[in-house]
Each structure stands twice: as C-alpha cells, then as structure tokens.
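In order, the protein sequence lines correspond to chains D and P.
The first sequence begins at 1 in the numbering used here and counts up by one.
The second sequence begins at 1 in the numbering used here and counts up by one.
We treat Cβ as the ideally placed atom computed from N, Cα and C, and that holds for glycine.
Treat the numbers as computed from the prediction; the structure is a model and nothing was measured.
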Amino acid sequence: SAVISQKPSRDICQRGTSLTIQCQVDSQVTMMFWYRQQPGQSLTLIATANQGSEATYESGFVIDKFPISRPNLTFSTLTVSNMSPEDSSIYLCSVDLPGGPYEQYFGPGTRLTVT
Amino acid sequence: SQQGEEDPQALSIQEGENATMNCSYKTSINNLQWYRQNSGRGLVHLILIRSNEREKHSGRLRVTLDTSKKSSSLLITASRAADTASYFCATGVAGNKLTFGGGTRVLVKP
Numbered sequence: 001s002a003v004i005s006q007k008p009s010r011d012i013c014q015r016g017t018s019l020t021i022q023c024q025v026d027s028q029v030t031m032m033f034w035y036r037q038q039p040g041q042s043l044t045l046i047a048t049a050n051q052g053s054e055a056t057y058e059s060g061f062v063i064d065k066f067p068i069s070r071p072n073l074t075f076s077t078l079t080v081s082n083m084s085p086e087d088s089s090i091y092l093c094s095v096d097l098p099g100g101p102y103e104q105y106f107g108p109g110t111r112l113t114v115t
Numbered sequence: 001s002q003q004g005e006e007d008p009q010a011l012s013i014q015e016g017e018n019a020t021m022n023c024s025y026k027t028s029i030n031n032l033q034w035y036r037q038n039s040g041r042g043l044v045h046l047i048l049i050r051s052n053e054r055e056k057h058s059g060r061l062r063v064t065l066d067t068s069k070k071s072s073s074l075l076i077t078a079s080r081a082a083d084t085a086s087y088f089c090a091t092g093v094a095g096n097k098l099t100f101g102g103g104t105r106v107l108v109k110p
C-alpha cells in the first residue's frame with residue numbers, strides 16, 4: 001500500500017489568483033494522477049504525471065490552467081491558475097504501485113473554494 | 001466523460017440489510033474497481049476484478065462482472081452504519097488510467 005498526504009487540506013482563494021497543491025507519497029512510484037471532484041459529482045482525471053517527462057492532460061484540461069510538476073518519484077504539485085468560482089472543487093492525487101495490480105491509492109484531497 | 005453509470009444514485013437502508021449497486025460501462029476494460037468515499041474525503045480502494053473474472057469476494061463485499069453486458073454489481077451484506085458513504089465504480093484501461101462512474105450515495109440507518 002501507499003500513504004499519501006496533500007497540502008493544503010483546504011483553502012479559500014480569490015478569483016484571479018493561483019494555488020499550488022502538494023502531493024507527497026511515502027514510497028517511490030512511477031505514475032501519479034490528479035483528479036478533480038466538483039461538488040456532488042464524481043472524479044474526473046485531470047492529468048497523469050510521470051517523473052522525468054511532461055504530464056499528460058485529459059481532454060478539457062490544459063497545461064496553462066493546471067501546470068504540474070513531478071520533480072522526483074515521491075512528490076508532485078498541481079497548480080490551479082487564474083482561478084474562477086468554477087474551479088471550486090476537491091482536488092485529489094493518487095498513485096498506483098509498480099507492477100500492479102493497479103488499484104490506486106488516494107490522498108485525502110484538497111478542498112478549494114474560490115470566491 | 002464518464003465511462004461508468006451507476007444505479008441507483010442514492011440508496012437508504014436499515015442496518016443489517018444488504019445493499020446492492022450497479023455499474024454499467026461502454027468500452028472494453030482491463031479491470032473494474034470499486035472505491036468508497038466518506039464525506040468528501042479521499043477514496044479508499046475496496047476491490048478490483050479483472051476482465052477475465054466473473055465474481056470476487058472480500059469480507060462482506062461481493063462483486064460481479066459481466067463483460068458481455070458491460071456491467072458490474074457491488075453487494076454489501078449485513079450493512080453497518082459505518083458503511084454510510086459514496087461508492088464509485090472505476091474502469092481501468094490501458095495506461096493505468098481510471099474512469100469513474102457517477103457514484104451511489106448509501107445511507108445506512110441504525
């Protein structure tokens with residue numbers, strides 16, 4: 001298994017500003033995933049972050065809005081840029097462990113409110 | 001877009017009863033997984049069933065998979081108040097990416 005922490009756990013931000021969310025894993029992992037969960041909704045994958053390469057973004061998400069860093073095998077950041085109230089969501093990171101069987105372990109999430 | 005659709009969207013049962021929820025999906029999959037989320041927190045993995053498996057058990061959980069119908073079900077037996085949560089199915093395809101269904105909110109009344 002893996003233990004994942006996220007910072008901050010929640011934040012209230014003004015529109016037009018940016019917030020960087022940190023995700024730390026207690027073991028080395030190849031793939032890290034970032035999800036968005038809008039209020040009352042399911043999870044939507046934003047991007048997949050592999051160490052040493054550019055993140056791969058899903059349809060509807062772009063690097064300018066959600067830049068991701070992956071400096072090593074235990075850490076990643078997601079920035080939500082130029083925020084608007086529509087960005088109010090829970091942002092979750094997850095990992096799967098090398099070799100499979102590919103269940104994912106999730107962080108506790110960052111609850112973001114944009115006013 | 002969401003691959004899986006879950007049914008029902010919400011379920012209210014008495015403690016001790018069984019809870020069943022269903023998940024349908026659209027495309028071929030490598031595996032199907034079920035997760036639980038308590039009150040806006042992180043997700044907890046419950047069970048994974050591979051595309052070549054038809055049924056799997058883990059404690060009070062029973063999962064079935066019918067790839068011909070592109071559907072899965074999750075049964076929680078002898079439910080407890082602590083089972084109150086949202087339950088999500090997620091389909092796994094190439095590249096380890098997961099696509100989540102809309103979720104079922106389960107309320108277990110004591």
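Item, Value
"So, are the CB atoms of residue 79 of chain D and residue 98 of chain D less than 7 Å apart?", "no"
"Residue 54 of chain P: buried (16+ other C-beta within 10 angstroms of its C-beta) or exposed?", "exposed"
"Quick one: give me the first and last residue of the beta strand (DSSP E) that residue 10 of chain P is part of.", "10-14"
"Do residue 104 of chain D and residue 74 of chain D count as a contact pair if the criterion is CB distance below 7 Å?", "no"
"Using a C-beta cutoff of 7 Å, does residue 42 of chain D count as contacting chain P?", "yes"
"Any idea what DSSP makes of residue 50 of chain D, helix, strand or coil?", "strand"
"Going along the chain, which residues of the stretch 41-56 of chain P sit with their C-beta nearer than 7 Å to a C-beta in chain D?", "41, 42, 43, 45 and 48"
"Is it buried or exposed, residue 29 of chain P, if we count other Cβ atoms within 10 angstroms and call 16 or more buried?", "buried"
"Taking a cut of 8 Å between CB atoms, which residues from the stretch 21-32 of chain D lie near chain P?", "31"
"With a Cβ-Cβ cutoff of 7 Å, do residue 101 of chain P and residue 15 of chain P count as a contact?", "no"
"Note down, in chain order, every chain D residue with its Cβ under 8 Å from the Cβ of residue 101 of chain P.", "42"
"Based on the DSSP output, what are the partners of residue 36 of chain P in its beta bridges?", "P:44 and P:87"
"Just confirm the distance between the C-beta atoms of residue 75 of chain P and residue 12 of chain P, as a whole number of angstroms; I'd bet it's less than 8 Å.", "Residue 75 of chain P to residue 12 of chain P, Cβ: 16 Å. No contact."
"Using the C-alpha atoms, what's the distance from residue 82 of chain P back to residue 56 of chain D?", "37 Å"
"Using the beta-carbon of each residue, which ones in chain D are nearer than 9 Å to residue 33 of chain P?", "102, 103 and 104"
"Distance, Cα to Cα, residue 66 of chain P vs residue 22 of chain D?", "39 Å"
"Going along chain P, which residues have a C-beta under 8 Å from residue 107 of chain D?", "42"
"Going by the beta-carbon positions, is the gap between residue 95 of chain D and residue 32 of chain D smaller than 7 Å?", "yes"
"Closest to residue 90 of chain D by C-alpha separation, out of D:107, D:102, D:82 and D:81, would be which residue?", "D:107"
"Quick check: does the Cβ of residue 46 of chain D come within less than 6 Å of any heavy atom belonging to the ligand COA?", "In the structure shown, the ligand COA is absent, as is every other ligand, since no ligand is present at all."
"Between residue 18 of chain P and chain D, is any beta-carbon pair separated by less than 7 Å?", "no"
"Could you check if residue 49 of chain P is buried or exposed, using at least 16 other CB atoms within 10 Å of its CB as the buried criterion?", "buried"
"Spatial neighbours of residue 98 of chain P within its chain, please: CB distance less than 8 Å, with the 5 preceding and 5 following residues excluded, ordered by chain position.", "33, 90, 91 and 92"
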